[in-house]
Each structure stands twice: as structure tokens, then as C-alpha cells.
Amino acid sequence: MREARTGIPEAILAEGKDPLAVAEIFERYARAGDQLIATRVTEPVLAALRPQLEGLQHYKVARIVSTLPPKIDEDRATVCVISAGALDRPVAEEVAVTSRLLGNPTREIFDVGVAGLNRLVVELGTIEKSGILVVVAGMDGALPSVIGGMASQPVIAVPTSVGYGTSFKGVAALLTMLNACSPGTGVMNIDNGFGAAVLATKINQFGQRVSAGARE
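Heads up: the sequence shown begins at 30 in the numbering used here, then just goes up one per residue.
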């Protein structure tokens, strides 16, 4: 089992897979009572899952389906998912939903991009109370660098494919984040909200192991 090896439950990228094969996998995991997370669930996959969808968890905006609901570990640090614009929301929701399904207390702060920094300033108090920051942005991808220059927490940056022309489907945002002036920001691949949530979870899990070791 993947969870025993890595601390992260089984997950599949549904996009591009045979819908009936995905449905069969879900049926097997649901019957066993085990957690299975599918990301980038397409309409054909959703149609194949429909007969069993009532017993599953479906998150439409995030395009995620899971066999089990979240079980939040309140002893973990809060993961704060921050997104720049409305078009970044699907990727931000993928981060937030996955984070909760992996057991993290999670909060969202959406639509606080650099074009409206006044909205970000209002949320600084909430951001400061969080343990891990995941910042999602497309277009110029500048938001993670701004937040990284103000925050002491780990910052995980997720570039999105939002934009046009020289945004090159997220490459411009990715390069901005990789060349950020504020040091110490980890950068995920374009649109990889799931990977960002997994990294945040592993940071949390490691912190818990360190704390448990210190108490022994």
C-alpha cells in the first residue's frame, strides 16, 4: 500500500485513463473501505462513476473524487491556500481539497493577486496564523514572491496555465517563481495542485514526527 510506504493514500490521475478502468478501481477501494483519490476527473470518467457516485465524495470545481471524506488531524499546522485570480481557482481548489483529504486543517484565501494588493494586506493576519502557505498564480506568477518576502512559513508556489500570448500556458509564471527574489520558495510544476498538497502534508507529517521524538 502506498500509504504505508509514503504516508500518502493511493491516488490516480484520471485524465487520459479508460473511464471503465477508473470505475473498477474505485469499486475495489470502496468495497475495501480504503481511501482512493482521483484528480482531474473528466466528464467521461464521472459518467462511468455515476452508478456508485452516491457513496463517493465528489468535488466539482477541484475535479476530484475520493472514496472517503476528510479526517482532519487537528494537531497539524494549518495549510493556507492562497490564489491570485478567479481563473486560478480550480487549481487552488485542487490544493485545498487534496490537503483536507490528506488530513490537514486547511483554509482558503482566494482572489488576492498583485493587481489588488489591498485585498492581500487585509488577509495578512490570517496568513501569519497559518503553518504552511501554498500560493497559486498564473499570468505573471508574481504573488508567491510577494508573499515569500513577508512570511516566515514555508511557501509552496504553484504556477497555473492561466494567461494568453507570452504566458506560454504557464511557463512564464513558472519561470517567475523559479527566479523569485524572495528565497526559500518551493515551486511545483504547472497546474500541479495535488503535488503541492502532498508536499504540505509531508512537511506536516515530518513536523509531527520531530515533535513526537522530542517528547520521548
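Backbone N, C-alpha and C define an ideal beta-carbon position, used for all residues, glycine too. Keep in mind that this is a model prediction, so the values were computed, not measured.
Handout entry: Reduced DSSP secondary structure (H/G/I, E/B, other) of S196
Key = In the sequence shown, residue 196 corresponds to position 167, counting from 1. In this structure, S196 counts as helix in the three-state DSSP scheme.
Practice task
Note down the Cα distance separating R31 from L162, rounded to an integer number of angstroms.
Solution key: Here residue 31 corresponds to residue number 2 of the sequence shown, with the count starting at 1. Here residue 162 corresponds to residue number 133 of the sequence shown, with the count starting at 1. The straight-line gap from Cα to Cα measures roughly 25 Å.
Practice task
Rank F55, E39, A226 and G192 by C-alpha distance to the C-alpha of N133 and give the top, closest one.
Solution key: Residue 133 sits at position 104 when you count from the first residue of the sequence shown. Checked all of F55, E39, A226 and G192; the closest Cα to N133 is A226.
Handout entry: L131 (DSSP reduced to helix, strand or coil)
Key = Within the sequence shown, numbered from 1, the residue matching residue 131 stands at position 102. DSSP, reduced to helix, strand and coil, places L131 outside both helices and strands of the structure shown, so it counts as coil.
Exercise for the section: Please report how far the alpha carbon of G213 lies from the alpha carbon of D140, in whole angstroms. Expected result: Sequence index remark: in the sequence shown, residue 213 carries index 184 (1-based). Sequence index remark: in the sequence shown, residue 140 carries index 111 (1-based). Rounded to the nearest whole angstrom, the C-alpha separation of G213 and D140 is 23 Å.
Handout entry: Span of the beta strand (DSSP E) around P188
Key = Mapped onto the sequence shown, residue 188 falls at position 159. Counting along the chain, the beta strand (DSSP E) containing P188 begins and ends at V184 to P188.
Practice task
Report all residues from its chain with a CB closer than 8 Å to the CB of C210; omit the five preceding and five following residues, and keep chain order.
Solution key: The residue you call residue 210 lines up with position 181 of the sequence shown. Within the same chain, C210 has close Cβ partners S174 and G178.
Exercise for the section: Report yes if the CB atom of S196 is closer than 8 Å to the CB atom of G242, and no otherwise. Expected result: Along the sequence shown, one-based indexing puts residue 196 at 167. Along the sequence shown, one-based indexing puts residue 242 at 213. For the 8 Å CB-CB criterion, S196 and G242 do not form a contact.
Exercise for the section: Output yes or no for whether 8 Å exceeds the beta carbon distance between A171 and T205. Expected result: Within the sequence shown, numbered from 1, the residue matching residue 171 stands at position 142. Within the sequence shown, numbered from 1, the residue matching residue 205 stands at position 176. In this structure, T205 lies closer than 8 Å to A171 by Cβ.
Practice task
Measure the alpha-carbon distance for D220 versus G45 and round it to whole angstroms.
Solution key: Along the sequence shown, read from residue 1 onward, the residue named residue 220 stands at position 191. Along the sequence shown, read from residue 1 onward, the residue named residue 45 stands at position 16. Rounded to whole angstroms, D220 to G45 spans 16 Å at the Cα level.
Exercise for the section: Determine, using beta carbons only, whether V74 and V90 come nearer to each other than 8 Å. Expected result: For the purposes of this step, residue 74 is taken as residue 45 along the sequence shown, with counting starting at 1. For the purposes of this step, residue 90 is taken as residue 61 along the sequence shown, with counting starting at 1. The Cβ-Cβ distance between V74 and V90 does not fall below 8 Å.
Handout entry: Beta-bridge pairing of G148 - partner residues as DSSP gives them
Key = Taking the first residue of the sequence shown as 1, we reach residue 148 at position 119. What sits at residue 148 in the sequence shown is Arg, not Gly. According to DSSP, R148 bridges with nothing at all.
Practice task
Below 8 Å CB to CB, which residues in the same chain sit around L85 once its five sequence neighbours on both sides are set aside?
Solution key: By one-based count along the sequence shown, residue 85 stands at place 56. So the list reads F55, A59, L78, V94, S95 and T96, once near-sequence residues are dropped.
Practice task
Report the option in A201, V143 and N208 whose CA atom is closest to the CA atom of G192.
Solution key: Position 163 of the sequence shown holds residue 192. Nearest C-alpha to G192: A201.
Practice task
Compare the Cα-Cα distances from L42 to each of V165, R69 and A125 and report the closest residue.
Solution key: As a position in the sequence shown, residue 42 is number 13, starting the count at 1. Just measuring C-alpha positions, the residue of V165, R69 and A125 sitting nearest L42 is R69.
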